Amino acid sequence: MNRSGPELQDPLNVTPTPETDEVEDIQVAAAARRSLLVVGALIATVATGFWWLGREPVTELAVPAEIAEGRVRELPVQSIPRIPFTDITQQAGITFVHEDGAYGDKLLPETMGGGVAFFDFDGDGLPDLLLVNSQRWPWDERPEQQPATLALYRNEGDGRFTDVTRDAGLEISLFGMGVAVGDFDHDGHIDVFISALGEDRLFRNMGDGTFVEVTDYSGVGGGAEDWSTSCGWVDYNNNGLLDLFVCSYLTWSKEDDLAQDFQLTGGGRAYGRPQDFEGTFSRLYRNEGDGRFTDVSAEAGIQVRNPLTDQPMGKSLGVIFYDFDGDGWMDIVVANDTVQNFLFHNQGDGTFREIGTMAGVAFDMAGAARGAMGIDVARFRNNEAVGIAIGNFANEATALFVSYDRNLRFIDEAIPTGLGPPTRNALTFGVFYFDYDLDGRLDLMAVNGHLETEINRVQASQHYEQPPQLFWNAGPEHGTEFCLVNEQYSGPDLVRPMVGRGAAYADIDRDGNLDVVITGIAQTPRLLRNDQQTGHHWLRVRLKGIHSNRHGIGARVEIDVGGRTLSRSVDPTRSYLSQVELPVTFGLGEWNVIDAARVIWPDGAVQIIDPPAVDQTIIVHEDPALRRDRKSLQDRSGLVIR
0 MNRSGPELQD PLNVTPTPET DEVEDIQVAA AARRSLLVVG ALIATVATGF
50 WWLGREPVTE LAVPAEIAEG RVRELPVQSI PRIPFTDITQ QAGITFVHED
100 GAYGDKLLPE TMGGGVAFFD FDGDGLPDLL LVNSQRWPWD ERPEQQPATL
150 ALYRNEGDGR FTDVTRDAGL EISLFGMGVA VGDFDHDGHI DVFISALGED
200 RLFRNMGDGT FVEVTDYSGV GGGAEDWSTS CGWVDYNNNG LLDLFVCSYL
250 TWSKEDDLAQ DFQLTGGGRA YGRPQDFEGT FSRLYRNEGD GRFTDVSAEA
300 GIQVRNPLTD QPMGKSLGVI FYDFDGDGWM DIVVANDTVQ NFLFHNQGDG
350 TFREIGTMAG VAFDMAGAAR GAMGIDVARF RNNEAVGIAI GNFANEATAL
400 FVSYDRNLRF IDEAIPTGLG PPTRNALTFG VFYFDYDLDG RLDLMAVNGH
450 LETEINRVQA SQHYEQPPQL FWNAGPEHGT EFCLVNEQYS GPDLVRPMVG
500 RGAAYADIDR DGNLDVVITG IAQTPRLLRN DQQTGHHWLR VRLKGIHSNR
550 HGIGARVEID VGGRTLSRSV DPTRSYLSQV ELPVTFGLGE WNVIDAARVI
600 WPDGAVQIID PPAVDQTIIV HEDPALRRDR KSLQDRSGLV IR
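The sequence shown begins at 0 in numbering that gives the first Met the number 0 and counts up by one.
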């Protein structure tokens, strides 16, 4: 995340030599020849002038050309809606406080924070809340009443959440990082994977409100020295079983961290830079269908090496899954910190090809790697354009890589869309798209916070606590597509500064509005209720898979409304270390009739559904009669996918 730029070199002073004198003589001769050419040209010009004056006059009828009047392009008036977000953390009963482990030595893992997940663990239709915690270091001798643990809060449906961590069997202490939720055993209950510094953990949901750890049997624990970060479930081989992708950050140890003696300008120890630690390989686990997984990272082609050193290149913090070329196979994008981002193109045979540089998502426009953290992807323009948003380090704008027509070629449009300039000073971790005003256009949330408590002493433009940023999508017809929403339009609770890290969204009170949770370093999370009163219509869709994985992760839902097609992906893996809810939400604005609706299942099979009524949640069960042969899928998808 931290980085320092190269120093500028002063120009060299060159002392004249005999060789330079000889060069000067040659230059003088060349100048003389150029003077003769100039004199000749002047003579020719004078002669041509005399000829022009003495020639026969010719009369021509000149038709004056019409000159278009200059006009300034008028843009539609932007009208950011006034939608307050209300902090209900305390009244909801959320008392969790993140433990970062910091005790004074400033070890890099203390800066990373913990993730958060919205998921319905008890199957009552309400999104519950899981918060990931870190812990004190084993060598920390400070007194502690009880170890920090994960926290699971059950949604009671009336605005309150109840801490059920102990009863659920998740009162686990570890140096946790990220969370991934998905039904890996296809029993209808959503399971939980926790990434960590050290061994990762997998918990199977027993369906009775409890979880049982199955890490050892499953084989997804990783190593005691691993540092895992963002993670997610994806069916990369289209066999209906959820596989697991786990980002890995750095090769780290306390001894290496302390030995490098990082210093703030002006004195005092600083948190280390990722450039000073070796990279690592992320991991891909294939689901074998019997509760066990096989690490296929090497054979699948996701282990990227530095071509100069042959050492692991990745320093991975964020991951998303999306079928960018529409071939029915899920691709993977990994956000890396201070090294190039990866785009793993699924070859459809169990392997991936890394094409990040060729696709244009590896570096910024100057060819430099950025400090990338959180990431999300969506069709934010309601057409074939796909935008990958990536939050970056301070003094690096948030990226918005846009691809058109499924061609796997991306251009960073952060600046022309208006997203770049307001995000340049922020140090952004979590990012996600969501339609907070239900107008049918996907807006963007960015969660910010620095690493150093005293950063303002070193950089006047930086602060440890930073306000989250909400960007309203004004539509592509505006000069500024993404408009920063200030306190006047969001209320004070949303933009109050904090040391933000993970972030997620869900409709916690079943009113159709998407609410937000943000985690912080050594802080209580912030649960923000969306109190919008626009009167806009909406539709929420939940999937039930049969051939596909049980909750349709990797599917895409499309609806046609008002002459446009809205598309939403069913994938909880977004933001940074976090998971959003599984149901997808369509904002419909003033449109109250849906013209057509369909589900594109993870393998590309298309299921047409009857146009539903608005302002409700519907459940779509996968049609078992859908044909799955590849030729049939291509023919059918060509007819119905816009």
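From the three backbone atoms N, C-alpha and C, an ideal C-beta is built for every residue, glycine too. All figures in this text were calculated on a predicted structure; none of them were measured in a lab.
Inclusion of G429 and G373 in the CB contact set at 8 Å is warranted, their separation being smaller than that value. I507 counts as buried, since at least 16 other C-beta atoms from the protein chains shown sit within 10 angstroms of its C-beta.
Of the residues assessed, M364 falls on the exposed side of the cut-off, its CB having fewer than 16 other CB atoms within 10 angstroms.
Taking 8 Å as the cut-off, the Cβ atoms of G288 and D436 do not count as close. If you draw a straight line from the Cα of R597 to the Cα of P142, it comes to about 57 Å. Cβ-Cβ distances below 8 Å link T350 to E298, A299 and G300 in the same chain, with the five nearest sequence neighbours on each side left out; the list follows chain order. Inclusion of V360 and L342 in the CB contact set at 8 Å is warranted, their separation being smaller than that value. Under the rule that a run must span 3 or more residues, the beta strand (DSSP E) segments found entirely inside the stretch 468 to 545 read 468 to 472, 481 to 484, 499 to 505, 514 to 519, 525 to 529 and 536 to 543. The beta-carbon separation of H536 and V484, rounded to 22 Å, does not stay under the 8 Å limit for a contact.
Given a length threshold of 4 residues, each whole run of the alpha helix (DSSP H) inside the stretch 200 to 240 is given here in chain order: 214 to 217.
Taking a cut-off of 8 Å for Cβ pairs, the stretch 115 to 134 and the stretch 143 to 158 touch, as three or more such pairs fall below it.
N335 carries a strand assignment under DSSP once its states are collapsed to helix, strand and coil. The Cβ atoms of V338 and M312 lie closer than 8 Å to each other. The beta carbon of G100 lies closer than 8 Å to those of L106, P108, E109, S133, Q134, R135, W136, D139 and F174 in the same chain, with the five residues before and after it left out.
By the CB criterion at 8 Å, N394 and N345 fall outside the cutoff. Non-local C-beta neighbours of G534 in its own chain, meaning closer than 6 Å and more than five positions away in sequence, are absent.
E464 carries a strand assignment under DSSP once its states are collapsed to helix, strand and coil. Counted as a single uninterrupted DSSP element, the alpha helix (DSSP H) harbouring R165 occupies residues T164 to A167. Taking a C-beta distance under 8 Å as the contact criterion, T518 and G239 do not qualify as a contact pair. DSSP links H620 through a beta bridge to K543. Straight through space, the alpha carbons of W232 and H188 are spaced by roughly 14 Å.
In chain order, L125, P126, D127 and I189 place their CB closer than 7 Å to the CB of D119, counting only its own chain and leaving out the 5 sequence neighbours on each side. No Cβ-Cβ contact shorter than 8 Å links L513 with T427. Residue burial is scored here from C-beta neighbours: A195 has at least 16 other C-beta atoms within 10 angstroms and is therefore classed as buried. Rounded to whole angstroms, the Cβ separation of P611 and L538 is 6 Å, and the two are in contact under 8 Å. Counting along the chain, the unbroken beta strand (DSSP E) around S568 starts and ends at R563 to S568. Taken in chain order, the unbroken stretches of beta strand (DSSP E) that lie wholly in the stretch 126 to 177 and span 3 residues or more are 127 to 130, 150 to 154 and 160 to 162. Distance from the CA atom of R352 to the CA atom of F84, rounded to whole angstroms, is 42 Å. The Cβ atoms of A377 and V401 lie no closer than 8 Å to each other.
Between T250 and T279, the C-beta gap is smaller than 8 Å, which places the two residues in contact. At a Cβ-Cβ threshold of 8 Å, S547 and A503 do not count as neighbours.
The alpha-carbon of G478 is positioned some 8 Å away from that of P415.
Under DSSP, no beta-bridge partner is assigned to G347. Taken atom to atom, the span from the alpha-carbon of G222 to that of R159 is near 38 Å. Under a 10 Å Cβ-count criterion, E486 is classified as exposed, with fewer than 16 other Cβ atoms of the shown protein chains found around its own Cβ.
Counting along the chain, the unbroken beta strand (DSSP E) around I558 starts and ends at R555 to V560.
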